[in-house]
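Taking it in order: structure first as structure tokens, then the write-up.
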Amino acid sequence: MKTKTIIITILLLFITVMLAGGGHGTYLPAKIFYPYTMIISELQDIIGIPALILAIIEIPIYVYIWIKRPNWKYYVIGMHVVGILIAFTIKSNSF
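For the record, in the sequence shown the residue sitting at position 32 is 615 according to the numbering used here, with numbers rising by one throughout.
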């Protein structure tokens, strides 16, 4: 399971960065896959080190919780959806 999680994390990060196009593309996938990272970035108006670290560990944390506490899967999904809604609600000139 570790290998799959690492591969998924790397692929999602790669896709998100490519679609963001160095700031000239779209941040839509970033807000969907990494909502809490984008919330931090939107509040700071920059994608800084804390946001990057969170982006790297966000998916593995979800997987860890999903495996260790299978009954919490709906909480994880709910938290992610709430994060997406907040990320799309916050208006930023940069993102």
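The beta-carbon is built from N, C-alpha and C at its ideal position, and this holds for glycine as well.
**OP:** Leaving out five residues on either side along the sequence, give the residues of the same chain with a beta carbon under 8 Å from the beta carbon of P633.
**Re:** Around P633, the same chain offers I623 as residues with beta carbons nearer than 8 Å, after the five sequence neighbours per side are excluded.
**OP:** Out of G606, E641, Y647, I648, point me to the one whose CA is closest to D628's CA.
**Re:** G606
Original post:
What are the uninterrupted segments assigned as beta strand (DSSP E) that are 3 or more residues long and contained completely in the region 590-665, given in chain order?
Top reply: none
**OP:** Might you give, ordered along the chain, the residues of its own chain that have their beta carbon closer than 8 Å to the beta carbon of T620, omitting 5 neighbours on each side?
**Re:** A613, I630, A634, L635, L637, A638, E641
Original post:
If you draw a straight line from the C-alpha of M584 to the C-alpha of Y617, how long is it?
Top reply: M584 and Y617: Cα-Cα distance of roughly 20 Å.
Original post:
DSSP state of I673, grouped into three classes?
Top reply: coil
Original post:
I think V665 touches Y645, with their Cβ atoms under 8 Å apart; what is that distance to the nearest whole Å?
Top reply: Not confirmed; about 14 Å, so no contact.
Original post:
Would you report the Cα separation of G604 and Y610, rounded to the nearest angstrom?
Top reply: 9 Å
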